[in-house]
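Read in order, the letters of the sequence shown are residues 320 to 1193 in the working numbering. See structure below.
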Amino acid sequence: MAKKYVYLFSEGNKDMRELLGGKGANLAEMTNLGLPIPKGFTITTEACTKYYEDGEIITKDIGEEIFSTVTKLEKSTGKKLGDLNNPLLVSVRSGARASMPGMMDTILNLGLNDSVAEQIAKQNERFAYDSYRRFIQMFSDVVYEIPKSLFEEEIDKMKSEKGVKLDTELNSEDLKRLVDIFKEIYRKQKHEDFPQDPRKQLLEAVKAVFRSWNNPRAITYRRLNEIPNDWGTAVNVQEMVFGNMGEDCGTGVAFTRNPATGENKLFGEYLMNAQGEDVVAGIRTPQLIDTLREVNESAYNDFVIYANKLEKYFKDMQDLEFTIENGKLYILQTRNGKRTAEAAIRIAVELVKEGMITEKEALLRIEPKQLDQLLHPNFDAEKLKAAIPITTGLAASPRAATGKVVFTAEEAVEKHKAGEKDLILVRLETSPEDIEGMNVCNGVLTVRGGMTSHAAVVARGMGTCCVSGCGELIVNEEEKYFQDGTGKQYHEGDYISLDGSTGNVYGERIDTVDAAVTGNLATLMGWADRYRQLGVRANADNPRDAKQAYDFGAEGIGLCRTEHMFFEADRIRAMREMIVSKTTEQREKALEKLLPMQRSDFEGLYKEMKGYPVTIRLLDPPLHEFVPHEDEEIRAIAEEMGIPFEEMKNIIVGLHEFNPMMGHRGCRLAVTYPEIARMQTRAIIEAAINVSRETNPVSPEIMIPLVGEIKELQYVKNVVTEEADKIIDASDVKIKYHVGTMIEIPRAALTADEIAKEAEFFSFGTNDLTQMTFGFSRDDAGKFLRDYYNKNIYEFDPFAKIDQKGVGKLVEMATKLGRETRPDIKLGICGEHGGEPSSVDFCHRVGLTYVSCSPYRVQIARLAAAQAAINNPR
Ligand code: PEP
Ligand code: MG
């Protein structure tokens, strides 16, 4: 039997999302549930992928299937496309498997042409021409990319001629005139008349929606949200119901719970006498949903009933679209609503308390990456008290943002690339094209638009702070300034601050403080800890980071990069002296300076970790990061060491390496200069003795980096144990310590059975392991990776997400070989991948003992580890 590409809503259900897209599947489900859903059908995602495979055409067969389904729709509605007595008008809307709000295209009122409009006008002239002008504009924009601004300028011109402010103040004559003007614009741009045949309109609209899958904003959105490019979008064709037929009509969107805070209270907006796009496009500022009760009580009550029913049915917060036509309510869409991380957590925790979902389900509901939003700072409460807002808008997406004003998304992207970190995008209104710019800014401020405007929805999804609807501000995007109610101007580069939780805007910089784990997040994290099997540690090189990691729930330090302890100005000098030393004597002198610094740092780490394990890695400095380049710095070292400047310069030239990442680093350094490993061991053990004596017992883990051969590990390990045992023997505190290695060179992974004879633990250094497995430099790959994404060679950055096929195979192999030799070997990962959810999932499946990641990703890793355990019981 031939494949089916078109389904009536009555033929689908909620489990068919892959085929029908989220919108189509839910429309089908709601139809089956008997809700008031306008009738329609869905053209599948497979039809979209086929459209691309076939060279961007709709084949004859699929075209015929579409029109035979149109005939069925005509029969069930009693209306007909293009019919003068009872015309069928439809909406044509995108709907992918994953919701991508506002990223793809929609056309409303399709089926209108001159004669149908004329016929409808006999009953309701204003409505007929209002709908027709909207259709011409949308069709022209979506199908032929005729700029929207051409049409909007004409509307503005007419409004100012008539001395009115709102579209609704234009009368039917005006709208009829607009229709003629719009058709003329179309004719000028396309050199042909506006298409009058509804069947042609429909096919062109369907193709345009398919094409919108690949518009630049949709592509960017998919990249940011890791949605595969080959899914394609479905197209929903649905009988129109009209919110713009008069004052007893309207349209709106609502969430069953507050998407910013998670509060269990209906939250939404609507506009009377308006059509769908008016609410989300932010052109008119909509009314709050609660006030609908006064306007139309029965529609409001019905809506509340349906909203509750749908939330209970889908067991999650729903985002609904509705239209009221002549007083009667219709539901146009339901989907699991996008929400902030705070809201996601509150909703998940409360749904468990309400008995609607289980703890495990709650854990699976939260996208680990989203937790990142919670870790962004809040305003310093004292500083905030002292500040006076210059205006207040809608609190569209929470968090505190402070930064320098930019007026276009492109500028934001450019400035960000040039290294500027704190930026705030100020716009009259945002359009989905702005998402890349919004993504790099700390916050977004808009003059127009409600809580459900694209700016608000997209910002919430990204965790970017957003204050919208600041109608008091006057923004001059061209001259790059905005003005507050008092007339004070703020120019590009001036600091402002946004409070996305209150909607307050401040004309100054306000300092921020870090977030803490409390309330619902703490509850959720408690559940995560109950279900996860992987340990979670942090990479931390100083007591401050260690404290942060501990507070976020880290159960130890998986990697302390000791070379990072010497970045500060007064320390790097001693480190450099050690590097450029020519004699053992010189080196030992420099090491003596380093010893007390190291020892006190280690004491700080041990204390902060309160008895949890601390893994300290012996020095691994890629030389190019530490050797001085400037004459001034070289002169200072030369003087300090009593060596002539020229000689010092020669020493430094002699240290030059062509490929420092593969150079004299890691354990190679300890092989050449064992005194370095000796000094570090002394600092590690002495610090452990001191802290064990003062507070809690410490058992340090000493990690030897960049090992590729068992004998080099043996050599360095001997140096370490000799020194450590000597110190312990002479002490009254009996410290237990462990010596292990990083697995970050492919040869170490391949010979892990041998390596495990010496190593008590492995920690996978997947940064170097990725670099050396792929054979490209971790410092330079960024230069060409973008080409690889664009040419569909790689889908992601292997330094961010573990390459399970290649690098992962080495990890798996080393895990197995290591355990064969030493069944109780402790296995961790400390490359950047340790805090990335899909990599954490991989680590769980491979059977590692723990992951170690940066302190700010500890909670992400805890949640990802719980999800991995729930999805893949060991
Ligand atoms: C690694 O290579 O993965 C690692 C953790 O070490 P570094 O990033 O310091 O080279
Ligand atoms: Mg490394």
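The beta carbon of each residue, even a glycine, is placed where N, CA and C say it ideally should be. Note that the structure is predicted; figures quoted are calculated from it, not measured.
Would you please verify whether the beta carbon of residue 629 is less than 8 Å from any beta carbon of chain B? Of the chains in the structure shown, none is chain B; there is only one protein chain.
Grab the span of the alpha helix (DSSP H) containing residue 1009 for me, first residue to last. 993-1013
Measure the Cβ-Cβ separation of residue 1057 and residue 1079 and say whether it is below 8 Å. yes
Rounded C-beta distance between residue 660 and residue 637? I'm assuming under 8 Å. Going by Cβ atoms, the distance from residue 660 to residue 637 rounds to 19 Å, so no, they are not a contact pair.
Please output, in chain order, the residues near the ligand MG using a CB cut-off of less than 5 Å to any non-hydrogen atom of the ligand. 1063, 1084, 1087
DSSP-derived helix/strand/coil call for residue 823: strand
Contacts around residue 996, its chain only, beta-carbon distance under 7 Å, and the 5 residues preceding and following it disregarded: 937, 989, 1035, 1038, 1039
Using only the alpha-carbon positions, how far apart do residue 742 and residue 1086 sit? 30 Å
Short check: CB of residue 855 to CB of residue 1119, under 8 Å? no
Shortest alpha-carbon distance to residue 423 belongs to which of 1008, 868, 541? 541
Give a single yes or no on whether residue 738 has its beta carbon closer than 7 Å to a heavy atom of the ligand PEP. no
Would the beta-carbon of residue 327 fall within 8 Å of that of residue 363? no
Can you tell me where the beta strand (DSSP E) holding residue 789 begins and where it ends? Unbroken run through residue 789: none, as it is neither H nor E.
In this structure, how does DSSP classify residue 510 when only helix, strand and coil are distinguished? coil
Go to residue 1090, then tell me how far its alpha helix (DSSP H) extends in each direction, as first and last residue. 1085-1093
Within 10 angstroms of its Cβ, does residue 826 collect 16 or more other Cβ (buried), or is it exposed? buried
Thinking just about the alpha-carbon of each residue, which of 536, 567, 529, 560 is nearest to the one in residue 550? 529
Where does residue 1201 fall in DSSP's three states? Nothing about residue 1201 can be reported from this structure: the residues present for the chain run from 320 to 1193 only.
Between the C-alpha atoms of residue 720 and residue 762, what's the straight-line distance to the nearest angstrom? 5 Å
Please classify residue 734 as buried or exposed, where buried requires at least 16 neighbouring CB atoms within 10 angstroms. buried
Rounded to the nearest angstrom, what separates residue 381 and residue 366 at their Cα positions? 8 Å
Compute the minimum distance between the beta carbon of residue 880 and the heavy atoms of the ligand PEP, and state whether it is under 7 Å. yes
Please confirm if the region 522-538 is in contact with the region 488-507, defined as three or more CB-CB distances below 8 Å between the two stretches. no
Just checking residue 860 against the ligand PEP - is the residue's beta carbon closer than 7 Å to any of the ligand's heavy atoms? no
Taking the alpha-carbon positions, what's the residue 586 to residue 578 distance? 8 Å
The region 1064-1077 contacting the region 1124-1144, beta-carbon criterion three pairs below 8 Å: yes
With burial defined as no fewer than 16 other Cβ atoms inside 10 Å of the residue's Cβ, what is the status of residue 818: buried or exposed? buried
Cα-Cα separation, residue 703 to residue 581: 24 Å
Taking all protein chains shown into account, do 16 or more other C-beta atoms lie within 10 angstroms of the C-beta of residue 260, making it buried, or fewer, making it exposed? The chain is shown only over 320 to 1193; residue 260 falls outside these bounds and no answer can be derived.
Compute every distance between the C-beta of residue 1198 and the non-hydrogen atoms of the ligand PEP, then say whether any falls below 7 Å. Outside the shown range of the chain (320 to 1193) lies residue 1198, about which nothing can therefore be said.
Beta-carbon within less than 7 Å of residue 1091's beta-carbon, same chain only, minus the 5 sequence neighbours each way: which residues are those? 1064, 1065
Host beta strand (DSSP E) of residue 558 (start-end): 552-558
Would you say residue 1172 touches the ligand PEP, meaning its beta carbon is less than 7 Å from a heavy atom? no
Could you tell me the alpha carbon to alpha carbon distance between residue 468 and residue 1101, rounded to whole angstroms? 37 Å
At least three beta-carbon pairs within less than 8 Å, the region 938-955 to the region 897-914: yes
Which class does residue 1017 belong to by DSSP, given the choice of helix, strand or coil? coil
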